[in-house]
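> Residue numbers (this note's numbering), protein chains in the order written: chain P, 408 to 767; chain H, 408 to 767. Using N, Cα and C, we set each Cβ at its ideal position, and we do this for glycine too.
2 protein chains.
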Amino acid sequence: MTTSGDGPLVVVVMAGGAGTRFWPLSRRARPKQLLPLTGGRSLLRLAVDRVTPLVSPERVLVVTGAEVAAAVRAELPELPAGNVLVEPCGRDTAACVGWAAWRIAAASPDAVMLVVPADQVIPDGVALRRALAAAAATARARGGLVTLALRPTRAETGFGYQELGEIVGREEGLEVRRVLRFVEKPTRECAEAMLAAGTYRWNSGMFAWTVGAIRSELRRLLPALAGGLDRLSAVPAGGEEFLDTWRSLPAISVDFGVMERAANVSSVLVDFAWSDVGSWPGLEEVLPAVAGGVRLGDVVTLDGSSNVLVSDGPLVAAVGVRDLVVVATRDAVLVVPRDQAQRVKELVELLRAAGRDDLL
Amino acid sequence: MTTSGDGPLVVVVMAGGAGTRFWPLSRRARPKQLLPLTGGRSLLRLAVDRVTPLVSPERVLVVTGAEVAAAVRAELPELPAGNVLVEPCGRDTAACVGWAAWRIAAASPDAVMLVVPADQVIPDGVALRRALAAAAATARARGGLVTLALRPTRAETGFGYQELGEIVGREEGLEVRRVLRFVEKPTRECAEAMLAAGTYRWNSGMFAWTVGAIRSELRRLLPALAGGLDRLSAVPAGGEEFLDTWRSLPAISVDFGVMERAANVSSVLVDFAWSDVGSWPGLEEVLPAVAGGVRLGDVVTLDGSSNVLVSDGPLVAAVGVRDLVVVATRDAVLVVPRDQAQRVKELVELLRAAGRDDLL
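(1) For A436/H, return the contacting residues in chain P, with the cut-off set at a CB-CB distance below 9 Å.
(2) Nearest by alpha-carbon distance to V740/P: which of V733/H, D746/H, L461/H and L632/H is it?
(3) Beta-carbon separation of R558/H and D678/H under 8 Å?
(4) Excluding the 5 residues preceding and the 5 following T409/P in the sequence, name in chain order all residues of the same chain whose CB lies nearer than 7 Å to its CB.
(5) Would you kindly report the start and end of the unbroken alpha helix (DSSP H) that includes L451/H?
(6) Can you give me the C-alpha to C-alpha distance between A760/P and E753/P, rounded to a whole angstrom?
(7) Could you tell me which chain H residues have their CB closer than 7 Å to the CB of E579/P, listed as they occur along the chain?
(8) Let me know the secondary structure DSSP gives G532/P once reduced to three states.
(9) Who are the near neighbours of V707/P in its chain, counting only those whose CB is closer than 8 Å to its CB and skipping five residues on each side?
(10) Output, in sequence order along the chain, the residues in the segment 708-730 of chain H whose CB is closer than 7 Å to any CB in chain P.
(11) Closer than 8 Å is the cut-off here; do at least three beta carbon pairs connect the segment 612-627 of chain P with the segment 646-657 of chain P?
(12) Are the C-beta of T409/P and some C-beta of chain H separated by less than 8 Å?
(13) With a threshold of 8 Å on Cβ separation, who are the neighbours of A544/H within its own chain once the five nearest residues in sequence on each side are excluded?
(14) Is any non-hydrogen atom of the ligand MN found closer than 7 Å to the C-beta of W681/H, if you look at the structure I gave you?
(15) Along the alpha helix (DSSP H) that carries P630/P, what are the first and last residues, could you check?
(16) Quick check: is the beta carbon of V701/H nearer than 8 Å to any beta carbon in chain P?
(17) Could you give the residue range of the alpha helix (DSSP H) that holds R373/P?
(18) Please state the DSSP three-state secondary structure of Q569/H.
(19) Assuming G727/H and N714/H form a contact by the criterion Cβ under 8 Å, report the distance between their Cβ atoms to the nearest whole angstrom.
(20) Is the distance from the Cβ of L539/H to the Cβ of L521/H below 8 Å?
(21) Mind listing the chain P neighbours of L757/H? Cutoff is C-beta to C-beta under 9 Å, in chain order.
(22) Span of the beta strand (DSSP E) holding L416/P?
(23) For a quick check, are the C-beta atoms of V675/P and L581/P less than 8 Å apart?
(24) Is DSSP giving T427/H helix, strand or coil here?
(25) For D746/H and P688/H, I'd like the C-alpha separation in whole angstroms.
(26) Straight-line CA distance for T471/H to L709/P?
(27) Suppose you measure from the CA of D637/P to the CA of L492/P; what does that come to, to the nearest Å?
(28) Looking at chain P, which residues of the segment 590-624 of chain H have a Cβ within less than 8 Å of any of its Cβ atoms?
(29) Just to confirm, is the Cβ distance from S660/H to D526/H under 8 Å?
(30) Going by C-alpha to C-alpha distance, which of L453/H, T560/H, I511/H and G572/H sits closest to V528/H?
(31) Buried or exposed, going by whether 16 or more other CB atoms sit within 10 Å of the CB of V519/P?
(32) Note the first and the last residue of the continuous alpha helix (DSSP H) segment covering V665/H.
(33) Just tell me which of P431/H, W509/H and A502/H has its CA closest to the CA of L758/H.
(34) In chain order, what are the residue ranges of uninterrupted alpha helix (DSSP H) at least 4 long that sit wholly in the segment 489-531 of chain H?
(35) From which residue to which residue does the alpha helix (DSSP H) around W653/P run?
(36) Would a check of beta-carbon distances place D738/P closer than 8 Å to chain H?
As structure tokens, this is what we get:
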């Protein structure tokens, strides 16, 4: 079996998240990646459109969950049906990436695999494709695991960071550096120190590697997962044996389980605008400002400022309010101060406990 | 023609208002009086239920507008169809009361007429009926025009006041006093002075008089209106001549046009709980307090206080907000600080100017 990486480029779109932070717009059957948070198309649709100039739709795999699979297929009609991999239940990103790697390897053992999340906003598709091409070239040239490293713009405590070492290459005009270590969700002080140091960057959740390299690292670092993926590949997808095996996979993220412990990790340094739109106020990173806030959908205001006003149907009429998040759908309305927007998760738990499944 | 007042008691329910202050719950076809603002039945239904132990439904007339007539009839199926008088367009309360008086006089020239608004909240029906009976008895015994005078509970600048003079009678155990003068919507200072004086009361918008007395005062004080009502009574209701005559009636309130200038006005002093629910925060006068605010419909909260949260369908989920009014319907959501709730009228004007007739 060849694992040289001289083979085709395949893009794996990770589209599994639940995204309760965008309730009431996000629901079990319509999580964040299916929402048109930038106003027009869904984040998933935009994510695929960004990469299809690089690879044909036949070379795009989407990994998603059972509850949203039908919606994902409807959103991406150009993809062959077999290119949507449906996880019976969530087993975190190492299993997601691993399943895709095993699937790709079966057909193209020398493929290079690019991994991109479905729920990010990257307006400059040209810059992204240049960076992905550089990452793929790095994976081919250097082997090991490759990430895209984002220039940090604030001392964000919700993201993962990576410390960069010496320059190990240059591809497509972009610098490639060795990754010295990863730092997950730091304290405020630590985040500020890393921002000041200049040698740290944000993890992007985007990766490049040959299927040989990732399979080899999974076998070394997560042998139980690799063994499970071997068994999974030997049985018909969707059958009972498949389901049992899938459920038995260890649930661990690719960051914790692989990247932090891998032997040879390098990063392509990128500077393009990027947002993970992590919460309702995060819309401000991806929508034009209106009166110090943002508006999406049918909204009318009288005075007020710095509000996040979103409608998926009903008119939202805001009079004289400030620093408020209002999100209205036909069956639920959320009102929360912007600095408490992350409490939406608590609210969703409250609704679940109250048996309001119709609204989840 | 006898005008003695020995005849039957007839209750006239004034149900004409538009009530834009309760948008988005109130619409052109569903104004305030048709809303279940106390949680169960509409204010109109409750108003009629309060008086029907006093008179049979055949003796209840409702005066309303063309846009809501069908809804009013549906809300009051027990009333004979002819008991709903439909104004082709609003001509204020003098014309409303006058039309009812002319209609009643045609059948019962010696009737006593009680006038009550459809959009007030009076939880104690027994106390109200006692007061109305006292007012009717006063109208029979003393002639002239009789009102119910409410004990003021705050220096309200949005109401009309009346200064009371000497005791002129006692009916059903309630004091009846001469009205010396009326004071419309006073300044803050003036309202506080009247509250302190103890000799001023709030107008209730509720009246009692013989049809002879009110017709005589309308002929004396508003001869153009009385002449128009004479002509109106001589033509078929709803025909072109009727419409032309109605449109030609002077638009003036019964307070300005009649009460302030009438020769003989007395008031029955009442102490029952009363609210005109003048705005969304006014709901606090008629609903039980929850966390310093009120809730109506499908509402869930996490922390927060002193909010007015109302749903007519969608779940309203409020997290960590205070002193806020949120009202949600299937097609519109209002968010406004409670101390700016009166600005809903501005908002409705804005929507009208923007051609959003579907939401008005």
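The answer reads as follows:
(1) Looking up residue 436/H in the second sequence gives position 29. Per Cβ cutoff of 9 Å: no residues; A436/H is ~17 Å from chain P at best.
(2) Mapped onto the first sequence, residue 740/P falls at position 333. Residue V733/H is the option with its Cα nearest to V740/P.
(3) Numbered from its first residue, the second sequence carries residue 558/H at position 151. Numbered from its first residue, the second sequence carries residue 678/H at position 271. Closer than 8 Å, so yes.
(4) Position 2 of the first sequence, counting from 1, holds the residue named residue 409/P. At T409/P the pLDDT is 43, less than 50, meaning the model places this residue with poor confidence; the figure from the coordinates comes in the next sentence. P516 and D517.
(5) As a position in the second sequence, residue 451/H is number 44, starting the count at 1. That run of the alpha helix (DSSP H) goes L450 to V458.
(6) To locate residue 760/P, count along the first sequence from 1; it is residue 353. To locate residue 753/P, count along the first sequence from 1; it is residue 346. Taking the straight line joining both Cα atoms gives about 10 Å.
(7) As a first step, residue 579/P is located in the first sequence; it is residue number 172 there, counting from the start. Against chain H, the beta carbon of E579/P has no neighbour under 7 Å; the closest one sits roughly 45 Å away.
(8) Residue mapping note: residue 532/P aligns to position 125 of the first sequence, counting from 1. Looking at G532/P - three-state DSSP - the assignment turns out to be helix.
(9) Indexing the first sequence from 1 puts residue 707/P at position 300. Closer than 8 Å at Cβ, skipping near neighbours: L722, V723, A724 and A725.
(10) L709, P721, L722, V723, A724, A725, V726, G727 and V728
(11) Verdict: no, contact absent.
(12) Taking the first sequence and counting its residues from 1, the one referred to as residue 409/P is at position 2. For T409/P, the pLDDT reaches just 43, beneath the cut-off of 50, and the residue's location in the model is therefore unreliable, leaving the point undetermined.
(13) Stepping through the second sequence from its first residue, residue 544/H is reached at position 137. So the qualifying residues of the chain are E578 and E579.
(14) With respect to small molecules bound, the structure shown includes none, and the ligand MN cannot be examined in it.
(15) If you number the first sequence from 1, residue 630/P lands on position 223. Counting along the chain, the alpha helix (DSSP H) containing P630/P begins and ends at P630 to S640.
(16) Working through the second sequence from its first residue, we reach residue 701/H at position 294. Closer than 8 Å: no.
(17) Since the first and last residues shown for chain P are 408 and 767, residue 373/P lies out of range.
(18) Taking the first residue of the second sequence as 1, we reach residue 569/H at position 162. Three-state DSSP puts Q569/H in a strand.
(19) As a working note, residue 727/H is residue 320 in the second sequence. As a working note, residue 714/H is residue 307 in the second sequence. The Cβ separation is near 10 Å, so there is no contact.
(20) By 1-based counting over the second sequence, the position of residue 539/H is 132. By 1-based counting over the second sequence, the position of residue 521/H is 114. Cβ distance < 8 Å, so L539/H and L521/H count as in contact.
(21) Counted from its first residue, the second sequence places residue 757/H at position 350. Chain P residues near L757/H: V707, L709 and A724.
(22) Position 9 of the first sequence, counting from 1, holds the residue named residue 416/P. Unbroken beta strand (DSSP E) run through L416/P: L416 to A422.
(23) Here residue 675/P is taken as the residue at index 268 of the first sequence, counted from 1. Here residue 581/P is taken as the residue at index 174 of the first sequence, counted from 1. Going by C-beta atoms, V675/P is nearer than 8 Å to L581/P.
(24) Here residue 427/H corresponds to residue number 20 of the second sequence, with the count starting at 1. If DSSP states are grouped into helix, strand and coil, T427/H belongs with the helices.
(25) What you label residue 746/H is simply residue 339 of the second sequence in a count that begins at 1. What you label residue 688/H is simply residue 281 of the second sequence in a count that begins at 1. Near 8 Å, if we compare the C-alpha coordinates of P688/H and D746/H.
(26) On the second sequence, residue 471/H is found 64 positions in, with the first residue counted as 1. On the first sequence, residue 709/P is found 302 positions in, with the first residue counted as 1. T471/H and L709/P: Cα-Cα distance of roughly 32 Å.
(27) Locating residue 637/P in the first sequence gives position 230, counting from the first residue. Locating residue 492/P in the first sequence gives position 85, counting from the first residue. When rounded, the distance between both Cα atoms is 16 Å.
(28) none
(29) Within the second sequence, residue 660/H is the residue found at index 253, counting from 1. Within the second sequence, residue 526/H is the residue found at index 119, counting from 1. Going by C-beta atoms, S660/H is not nearer than 8 Å to D526/H.
(30) Residue 528/H sits at position 121 when you count from the first residue of the second sequence. Among L453/H, T560/H, I511/H and G572/H, the Cα nearest to that of V528/H is on L453/H.
(31) On the first sequence, residue 519/P is found 112 positions in, with the first residue counted as 1. By the neighbour-count rule (16 or more Cβ atoms within 10 Å), V519/P is buried.
(32) As a working mapping, residue 665/H is identified with position 258 in the second sequence. First-last for V665/H: undefined, no H or E at that position.
(33) For the purposes of this step, residue 758/H is taken as residue 351 along the second sequence, with counting starting at 1. It is P431/H.
(34) 499-514
(35) Residue numbering aside, residue 653/P sits at position 246 when the first sequence is read from its first letter. Looking at the DSSP string, the run of the alpha helix (DSSP H) that includes W653/P is E647 to S655.
(36) On the first sequence, residue 738/P is found 331 positions in, with the first residue counted as 1. With 8 Å as the cut-off, D738/P counts as an interface residue toward chain H.
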